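Per the working numbering, the sequence shown runs over residues 20 to 198.
The C-beta atom is built at its ideal place from N, Cα and C for all residues, glycine as well.
Remember, it's a predicted structure, so these values are computed and weren't measured experimentally.
Working notes for the structure below.
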Amino acid sequence: NLRFKDITFSYDQGHNVFHKVNFEVKAGSTFAFYANEGKGKSTISEIIYGLRKAKSGIVEINRTDIELLNMDIYRENVSLVSNVEIFHGTVIENIRMGRNYISIKDIRTALEKVDLWDHVSMMSSGLETVLSTGGSPLSKGMCIKLMIARAIVSDNSLIIFDGIFDGMEEKSVKHIFKS
C-alpha cells in the first residue's frame with residue numbers, strides 16, 4: 020500500500036507546488052493522476068520513488084514511513100518510467116538492463132503484454148536486433164512500449180509511469196493495463 024498524508028512540496032520558500040495532498044493506493048490496484056502541466060504530477064512520482072523529499076507530511080509504503088526505508092532495497096522493488104531511454108544494444112539487452120536472471124520467456128511475455136512481440140519477432144534478428152541510441156529501427160511508440168516492457172518484466176511491487184503514455188493511443192494504453 021502507498022499512502023500520502025498531508026504532503027506539501029515546494030521548490031522555493033514562498034510557492035507550494037501542492038499543499039496537504041492526501042491519497043491512498045491499495046496494493047494490486049491501478050491509480051492515475053490527471054492534471055495540467057506544471058501541477059506536480061512528476062514531483063509526486065519522484066517523491067514516491069524517493070528522489071525528492073516532501074516539505075511536510077508523511078509518505079508511507081506498507082505503513083512504514085518512506086524516510087525509514089533503505090532506498091537501495093526499496094528501489095530494487097520499484098520502477099520509475101518517465102523517459103524513453105533506449106541505448107545501443109539488442110532488444111534483449113535493452114529490456115534486461117544487466118538483470119541476466121530475466122528469462123527470454125519473461126521478455127517475450129512482457130513484449131506480448133505491450134503488443135510489441137509480433138513486431139520484434141518479425142525483425143530479421145528478432146530479440147537480437149541491435150537498437151541504436153534512441154531506439155532505431157523502432158518507432159517512437161514502439162520505444163515507449165519497450166520501456167514499459169522493461170518495467171513490467173521485473174515484476175516489481177510498484178511501477179510508476181510518469182508521462183510515458185503521453186501521445187500514445189488510448190487503445191494501446193488500455194491494452195497494456197488489461198494485460
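Considering just the uninterrupted stretch of the alpha helix (DSSP H) at E79, what are its terminal residues?
The residue you call residue 79 lines up with position 60 of the sequence shown. Not the alpha helix (DSSP H): E79 falls in the beta strand (DSSP E), residues 75-80.
Measure the C-alpha to C-alpha separation of I183 and R118 and round it to an integer number of angstroms.
Working through the sequence shown from its first residue, we reach residue 183 at position 164. Working through the sequence shown from its first residue, we reach residue 118 at position 99. So the alpha carbons of these two residues sit roughly 22 angstroms apart.
Less than 6 angstroms between C-beta atoms, sequence neighbours within five positions excluded: which residues of the same chain meet that for F42?
For the purposes of this step, residue 42 is taken as residue 23 along the sequence shown, with counting starting at 1. Answer for F42: F23, listed in chain order.
Determine the DSSP secondary structure at N20, reduced to helix, strand or coil.
Locating residue 20 in the sequence shown gives position 1, where the first residue counts as 1. It is coil, neither helix nor strand.
Can you tell me the Cβ-Cβ gap for L21 and V36, rounded? I've got them flagged as a contact below 8 angstroms.
If you number the sequence shown from 1, residue 21 lands on position 2. If you number the sequence shown from 1, residue 36 lands on position 17. Not a contact, Cβ separation roughly 19 angstroms.
Quick one, are the C-beta atoms of N175 and S98 less than 8 angstroms apart?
By one-based count along the sequence shown, residue 175 stands at place 156. By one-based count along the sequence shown, residue 98 stands at place 79. Against a cut-off of 8 angstroms, the Cβ pair of S98 and N175 comes out as a contact.
State yes or no: is the C-beta of A168 within less than 8 angstroms of the C-beta of L130?
Your numbering for residue 168 matches position 149 in the sequence shown. Your numbering for residue 130 matches position 111 in the sequence shown. Contact: yes.
Opening and closing residue of the alpha helix (DSSP H) in which N113 lies
For the purposes of this step, residue 113 is identified with residue 94 of the sequence shown, where counting begins at 1. Its alpha helix (DSSP H) spans residues 110-115.
Please work out which residues of its chain come closer than 6 angstroms, Cβ to Cβ, to V149, disregarding the five sequence neighbours upstream and downstream, and give them in chain order.
The residue labelled residue 149 in the question sits at position 130 within the sequence shown. Answer for V149: T109, listed in chain order.
Who are V44's beta bridge partners in DSSP?
As a position in the sequence shown, residue 44 is number 25, starting the count at 1. In DSSP, V44 forms a bridge with L21.
So for T128, helix, strand or coil by DSSP?
By one-based count along the sequence shown, residue 128 stands at place 109. T128 falls in the helix class under three-state DSSP.
Taking S48 as the reference, give the member of S191, E189, K190, I178 with the closest Cα.
Along the sequence shown, read from residue 1 onward, the residue named residue 48 stands at position 29. Taking only the C-alpha atoms, the option nearest S48 is I178.
For S64, does the count of other Cβ atoms within 10 angstroms reach 16, so buried, or fall short, so exposed?
On the sequence shown, position 45 is the one that residue 64 refers to. Result: buried.
Quick check: what's the CA-CA separation for D137 versus L87?
The residue you call residue 137 lines up with position 118 of the sequence shown. The residue you call residue 87 lines up with position 68 of the sequence shown. C-alpha separation (whole angstroms): 44 angstroms.
Do you know offhand how far K72's Cα is from S155's?
Residue numbering aside, residue 72 sits at position 53 when the sequence shown is read from its first letter. Residue numbering aside, residue 155 sits at position 136 when the sequence shown is read from its first letter. Using only the alpha carbons, I get a separation of about 36 angstroms.
Can you tell me where the beta strand (DSSP E) with F180 in it begins and where it stops?
Taking the first residue of the sequence shown as position 1, residue 180 is located at position 161. Taken as a continuous stretch (DSSP letters only), the beta strand (DSSP E) holding F180 covers 177-180.
With distances taken Cα to Cα, identify the nearest neighbour of G33 among S61, V40, K60, K74.
Here the question's residue 33 lines up with position 14 in the sequence shown. Out of S61, V40, K60, K74, K74 has the C-alpha closest to the C-alpha of G33.
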